[in-house]
Amino acid sequence: MTVRCLLGMLGTDVHSKGIRTLAQVLRDAGIEVIYLGEHNSVAGMVRAVIDEDADIIGLSFSSAAYLEYIRQFVTAMRENGVGSVPLMIGGLIHPDDHLPLQEMGISGIFGPGSRMDAIIDFVRNKGGSLQ
Amino acid sequence: MNGIPPRAAAVLAGDHRMAGRLITIAEAGDTDIEPELGVLYRAGGSSRIIGITGPPGAGKSTFLDCLISRLRSLKRRIAVLAIDPSSPLSGGAVLGDRVRMQRHAEDRGIFIRSMAARGALGGLAHAAGDAVTILDAMAFDDIIIETVGVGQSETDILGLADIVILMQTAHGGDGIQSVKAGILEIADIIVVNKADTVGTDRMIRTLQEMVAHRIQTAAGWDTPVLPTEATNGAGIDAVLDAIDAFYRCRGANREATMQRDRRRMRARILTLAQAALRHRINILTEPSLLAAIDAVISRVMEPREALKLLVFPANS
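Protein chains in written order, with the numbering used here: chain A, 1 to 131; chain B, 1 to 316.
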């Protein structure tokens, strides 16, 4: 079955080069990317997860506020009945934050130096797990 | 709600999550939602179904965003089906139409679904009809379908929408383009977007002349050609008025509307028939399919004879 992966950025972060590159790489790997771009709100993105019935979500951050945003996002997902959709995080993620992110249930953390094929494998495996 | 499948009942109760789920199942071509679709189709019929089509980059998504804002200010509940192409190489897609509609992201009066065409060539996706069935049952006031960026002959939207809005720009070609068969013939409203572009007036006049000399798309309806600037909303109100006028015209010409609906439903059923036949040939047990293919290659059989053997075995 085709995996539908929702990609986007929260808040004021404008560093979209990475997530745009990822969108194209996933497309070339046969994934359907629902691309939300920058400047999304937590509530708006959760509505998109619901209407689009996304199989997996990818958020990219290059700003320091990501722990708080991710906490809000995970909470809003759970409150809206889509807490089981896998979430991956990419961008400038500091190693010190891996543990708190894992404690929030984030299984895919792709910081600097991550390999594209590792991300593709993650999207295929985790994205297919709900179907 | 006795006897109603629970998933259909959830959709009828307005559950976005279940609607999203059922559209995914329809996209996968899974026939186990047929009971739900049966219930939902019978419950539908109240939504206006508005198609927006046009070449890539004409401004369809930006125009749609503008249209949504105006319709929401009238308190109308809106569903959007935005279709983008699938990669012919990988089968993947980047569905980017939501980026233009971001300001509506938190609005609970709107349902937005992106769909990949998944090999469908007529400007829609194979599951677009099922998605409309599901959304129509939720009694949205308007269901707006944005096709993939089209060329000249992708006219499947005709089989799904009550009204077809064609987006053009000043760069859409000369007078010869405007009299060719295809997409221009099916437009109930033509919008010339990016109206601040040089050449817009000329394009509008060319299209007006074309429209005046062709067969009407609906009895008593003269297709208007309207300039817009979707980035700032200029001209959008005139398009909304034209949509309302079109529906009044539909209401006033019962017999003609019936004929048009029959033509539309015929197109929708034919689209389903094509998909079903393709599916039927694809699931044929390999030996019989291979044998027929080899028989055609070796000229023991003509391709049409193979088709009859494969699809209508009882008659051959």
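Ideal Cβ positions, reconstructed from N, Cα and C, are used throughout, including at glycine.
In this text, all values refer to a predicted model and were calculated from it rather than measured experimentally.
What does His-126(B) reach in chain A if we use C-beta pairs closer than 7 Å?
Reading the second sequence from its first residue, position 126 is the one you call residue 126(B). Simply none; closest approach about 12 Å.
Mind reading off the beta-carbon distance from Ile-70(A) to Ile-19(A)? Whole number of angstroms is fine, and I expect it under 8 Å.
Residue numbering aside, residue 70(A) sits at position 70 when the first sequence is read from its first letter. Residue numbering aside, residue 19(A) sits at position 19 when the first sequence is read from its first letter. Between Ile-19(A) and Ile-70(A) the Cβ distance is about 15 Å, and since that is not below 8 Å, they are no contact.
Residues of chain B with CB closer than 9 Å to the CB of Asp-97(A), please, in chain order.
Along the first sequence, one-based indexing puts residue 97(A) at 97. Under the 9 Å cutoff, chain B gives no residues; its nearest Cβ is about 27 Å from Asp-97(A).
Name the residue from Val-311(B), Arg-262(B), Ile-163(B), Ile-143(B) whose alpha carbon lies nearest to the alpha carbon of Ala-276(B).
In the second sequence, counting from the first residue as 1, residue 276(B) sits at position 276. Selected option, being the one with the closest Cα: Val-311(B).
So with Cβ pairs under 8 Å, would you call Ser-90(B) a contact of chain A?
Position 90 of the second sequence holds residue 90(B). It does; some Cβ of chain A falls within 8 Å.
Taking only beta-carbon positions, decide if Leu-95(B) is within less than 8 Å of chain A.
Position 95 of the second sequence, counted from the first residue, corresponds to residue 95(B). Cβ-Cβ to chain A under 8 Å: yes for Leu-95(B).
Looking only at its chain, what residues have a beta carbon closer than 7 Å to the beta carbon of Ala-161(B), apart from the 5 residues adjacent to it on each side?
Walking along the second sequence from the start, residue 161(B) turns up at place 161. Cβ within range, chain order: Ile-49, Ile-50, Gly-51, Ile-145.
Just to make sure I have the definition right: I need the residues of chain A whose C-beta is within less than 8 Å of the C-beta of Gly-20(B). Which are they?
In the second sequence, the residue the question calls residue 20(B) occupies position 20. Per Cβ cutoff of 8 Å: Ile-50, Asp-51, Glu-52, Asp-53.
Taking Cβ-Cβ distances below 8 Å as the criterion, which residues of the segment 11-37 of chain B are in contact with chain A?
His-16, Arg-17, Ala-19, Gly-20, Arg-21, Ile-23, Thr-24, Glu-27, Ala-28
Determine the contact status of Leu-89(B) and Ser-114(B), defining contact as a CB-CB distance below 8 Å.
Taking the second sequence and counting its residues from 1, one reaches residue 89(B) at position 89. Taking the second sequence and counting its residues from 1, one reaches residue 114(B) at position 114. For Leu-89(B) and Ser-114(B), no; Cβs fall outside 8 Å.
Once DSSP output is grouped into helix, strand and coil, what is the label at Ile-109(A)?
In the first sequence, counting from the first residue as 1, residue 109(A) sits at position 109. Reduced to three states, the DSSP call for Ile-109(A) is strand.
When you compare the CB of Phe-140(B) with every CB in chain A, is at least one pair closer than 8 Å?
As a working note, residue 140(B) is residue 140 in the second sequence. No, because no Cβ of chain A sits closer than 8 Å to the Cβ of Phe-140(B).
Beta strand (DSSP E) containing Ile-89(A): first to last residue?
Here residue 89(A) refers to the residue found at position 89 of the first sequence. Segment 87-91, the beta strand (DSSP E) holding Ile-89(A).
Evaluate Asp-32(B) with the Cβ neighbour count: other Cβ atoms within 10 Å of its Cβ, from every protein chain shown; 16 or more gives buried, anything less gives exposed.
Within the second sequence, numbered from 1, the residue matching residue 32(B) stands at position 32. With fewer than 16 Cβ atoms within 10 Å of its Cβ, Asp-32(B) is classed as exposed.
Can you list, in chain order, the stretches of the alpha helix (DSSP H) that have 4 or more residues and sit fully within the segment 236-307 of chain B?
236-252, 254-282, 286-297
Cutting at 6 Å between CB atoms, please list the residues of its own chain near Glu-36(B), excluding the five before and the five after it.
Walking along the second sequence from the start, residue 36(B) turns up at place 36. Contacts found: Pro-5, Arg-7, Ala-8.
Comparing the C-beta of His-15(A) with each C-beta of chain B, is any distance below 8 Å?
For the purposes of this step, residue 15(A) is taken as the residue at position 15 of the first sequence. No, no contact with chain B.
Quick one: measure Cβ to Cβ for Met-101(B) and Leu-64(B), integer angstroms, because I've assumed they're closer than 8 Å.
Indexing the second sequence from 1 puts residue 101(B) at position 101. Indexing the second sequence from 1 puts residue 64(B) at position 64. Correct: roughly 7 Å between the Cβ atoms.
Less than 8 Å between CB atoms is the rule here; does Met-1(B) satisfy it with respect to chain A?
Counted from its first residue, the second sequence places residue 1(B) at position 1. Caution is warranted here: a pLDDT of 49 is assigned to Met-1(B), below 50, making its placement in the model unreliable, and the coordinate value is therefore given only provisionally. No, no contact with chain A.
At least one CB of chain A closer than 8 Å to the CB of Thr-228(B): is that the case?
Working through the second sequence from its first residue, we reach residue 228(B) at position 228. Thr-228(B) does not count as touching chain A.
Per-residue contacts from Ser-41(A) into chain B (C-beta, under 8 Å):
Looking up residue 41(A) in the first sequence gives position 41. Chain B residues near Ser-41(A): Ala-105, Glu-106.
Check: Pro-227(B) C-beta below 7 Å from any heavy atom of the ligand SAM:
Of ligands this structure carries none, so the ligand SAM is not represented either.
Closer than 7 Å, Cβ to Cβ, to anything on chain A: give me those residues from the segment 56-84 of chain B, in chain order.
none
Short CB-CB distance (under 8 Å) between Arg-42(B) and chain A:
For the purposes of this step, residue 42(B) is taken as the residue at position 42 of the second sequence. Taking Cβ atoms only, chain A never reaches closer than 8 Å to Arg-42(B), which makes this a no.
Span separating the alpha-carbon of Leu-135(B) from that of Ala-29(A)
Residue 135(B) sits at position 135 when you count from the first residue of the second sequence. Residue 29(A) sits at position 29 when you count from the first residue of the first sequence. If you take the alpha carbons of Leu-135(B) and Ala-29(A), they lie about 30 Å apart.
Along the chain, where does the beta strand (DSSP E) containing Met-138(B) start, and where does it finish?
Within the second sequence, the letter at position 138 stands for residue 138(B). Careful: Met-138(B) lies outside any beta strand (DSSP E) and carries neither H nor E.
Nearest to Thr-62(B) (by Cα), restricted to the options Arg-98(B), Ile-204(B), Thr-257(B)
On the second sequence, position 62 is the one that residue 62(B) refers to. Measuring from the Cα of Thr-62(B), the nearest candidate turns out to be Arg-98(B).
Which chain A residues sit within Cβ distance under 8 Å of Val-99(B)?
For the purposes of this step, residue 99(B) is taken as residue 99 along the second sequence, with counting starting at 1. Chain A residues near Val-99(B): Tyr-35, Leu-36, Gly-37.
Between the segment 6-22 of chain A and the segment 104-113 of chain B, can you find at least three pairs of beta-carbon atoms closer than 8 Å?
no
Amino acids of chain B, ordered along the chain, whose beta-carbon sits closer than 9 Å to that of Asp-28(A):
For this step, residue 28(A) is matched to residue 28 along the first sequence. What Asp-28(A) touches in chain B: Ser-87, Leu-89, Ser-90, Gly-92.
For Met-77(A), which residues in chain B fall below 8 Å Cβ to Cβ?
Stepping through the first sequence from its first residue, residue 77(A) is reached at position 77. Correct list: empty, because the minimum Cβ distance to chain B is about 12 Å.
Where the beta strand (DSSP E) containing Ile-120(A) begins and where it ends
As a working note, residue 120(A) is residue 120 in the first sequence. Per DSSP, Ile-120(A) belongs to no beta strand (DSSP E); it is in the alpha helix (DSSP H), 116-127.
When the Cα atoms are used, what is the spatial distance from Arg-76(B) to Thr-155(B)?
As a position in the second sequence, residue 76(B) is number 76, starting the count at 1. As a position in the second sequence, residue 155(B) is number 155, starting the count at 1. Distance between the alpha carbons of Arg-76(B) and Thr-155(B) is about 27 Å.
Inspect the CB distances between the segment 222-240 of chain B and the segment 261-279 of chain B and report whether three or more fall short of 8 Å.
no
So which residues on chain B does Gln-24(A) lean against when the C-beta distance must stay under 8 Å?
The residue given as residue 24(A) occupies position 24 in the first sequence. By Cβ distance, chain B contributes Val-94.
For Val-3(A) versus Ile-31(A), is the C-beta distance shorter than 8 Å?
Residue 3(A) sits at position 3 when you count from the first residue of the first sequence. Residue 31(A) sits at position 31 when you count from the first residue of the first sequence. Taking 8 Å as the Cβ cut-off, Val-3(A) and Ile-31(A) qualify as a contacting pair.
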